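Take a look at the structure below.
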């Protein structure tokens, strides 16, 4: 039976639930490697939410009531339960060099960078779970020893076998992300297979913090798979980063909703750029299929006269005035462009462009 081809085993595993897959990983190394390699095709452990928070920002420290899953595992399996990965000599040398450089596991944004802090992962099983029924996990912010990297590697791998309804919700300036440099160091060639699966994600791109934003873009593009919507709070200087999202991440992110503390008229050119990219795209599979920008301040509708196949206007279900245009790009893919505003003023505060297969 163990001589069946990998493809046959994979077909069988697709009918096995998450707990069954975990048991298979424990019984046979071949199964463990096969399941790990194809985990995005197999059942995932489902939770409601995943949140990365700064220890101490909540004066009530409610997160302390959540179950410490590391201590729980240690009590069941013994100390060192996570020691299933042994770095070779080359990787050990690389890790020791990195440890001497004091590379952080988490990257706080510009508002909290000067604050010495630890971060805690809080996982909610169900939407209205009280804190004492939630899970928490603390990973070293500045790891100093090899066993700490192995510890981090173990738990991040476990998280990559989970799916969440929402994740990476941020709380104003108390926000941080996993450091992509550290993820690449820990997982090496398997770095691209470390993904966090979620239906909804909310992330903050810090204003006037180029280095943080660069790392945030890398983290989102390489390690997030969002099946419903990524809510991305942006500053005023991120046109190139936004364009990269549109061009490259359509296979990982279904929809992006950009928001800001009101994007002013100068940023209406951003919408022109988005429309132009979609019109000239040679591969719509790479483009995010649904893009919206909210909280725009007095946007004028761009000139679309030469590109519109049909148009309509009226009032939507919320009784907001809207204008809607159907356009076709160079590859004969159809998109709707939609603008709306609470009143019929000629200027709009909401923009959306999305692909359609029916016209």
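Residue numbers (the UniProt record's numbering): 1 to 359.
Ideal Cβ placement from N, Cα and C applies to all residues, glycine included.
None of the values given here were measured: they were computed from a predicted structure.
Range covered by the beta strand (DSSP E) that runs through residue i
i	result
residue 34	From DSSP, residue 34 is part of no beta strand (DSSP E) but of the alpha helix (DSSP H) over 29-37.
residue 48	45-54
residue 294	Unbroken run through residue 294: none, as it is neither H nor E.
residue 123	119-124
residue 6	Counting along the chain, residue 6 falls outside any beta strand (DSSP E), though it belongs to the alpha helix (DSSP H) covering 6-13.
residue 340	334-341
residue 193	Here residue 193 belongs to no beta strand (DSSP E), and DSSP marks it neither H nor E.
residue 324	321-328
residue 352	350-356
residue 255	255-259
residue 164	162-167
Whole-angstrom distance between residue j and residue i, CA atom to CA atom
i	j	result
residue 170	residue 5	Low confidence applies to residue 170: its pLDDT is 47, below 50, so where it sits in the model is not reliable enough to give any reading.
residue 142	residue 201	26 Å
residue 341	residue 95	54 Å
residue 337	residue 29	51 Å
residue 108	residue 177	7 Å
residue 71	residue 31	27 Å
residue 89	residue 98	14 Å
residue 222	residue 325	33 Å
residue 145	residue 7	39 Å
residue 37	residue 288	26 Å
Host alpha helix (DSSP H) of residue i (start-end)
i	result
residue 218	210-223
residue 98	89-100
residue 153	146-159
residue 103	Counting along the chain, residue 103 falls outside any alpha helix (DSSP H), and DSSP gives it neither H nor E.
residue 186	180-187
Nonlocal neighbours in the same chain, by C-beta distance under 6 Å from residue i, ignoring five residues either side
i	result
residue 252	225
residue 333	284
residue 266	Bear in mind that the predicted position of residue 266 carries a pLDDT of just 46, short of 50, making it unreliable; the figure below should be weighed with that in mind. Nothing meets the Cβ criterion.
residue 185	98
Pair within 9 Å by beta-carbon distance, residue i and residue j
i	j	result
residue 283	residue 331	yes
residue 85	residue 131	no
residue 180	residue 210	no
residue 296	residue 351	yes
residue 353	residue 234	no
residue 159	residue 196	yes
residue 292	residue 257	yes
residue 83	residue 147	yes
Residues near residue i by beta carbon distance below 7 Å, same chain, minus five either side
i	result
residue 79	none
DSSP state of residue i mapped onto helix, strand, coil
i	result
residue 68	strand
residue 287	coil
residue 281	coil
residue 313	strand
residue 205	coil
residue 133	helix
residue 107	strand
residue 245	helix
residue 76	helix
Close beta carbons around residue i, own chain, < 8 Å, minus the five adjacent residues each side
i	result
residue 215	107, 177, 179, 180 and 181
Closer than 9 Å to chain C by CB, residue i
i	result
residue 232	Given the protein chain composition of this structure (a single chain), no chain C is represented.
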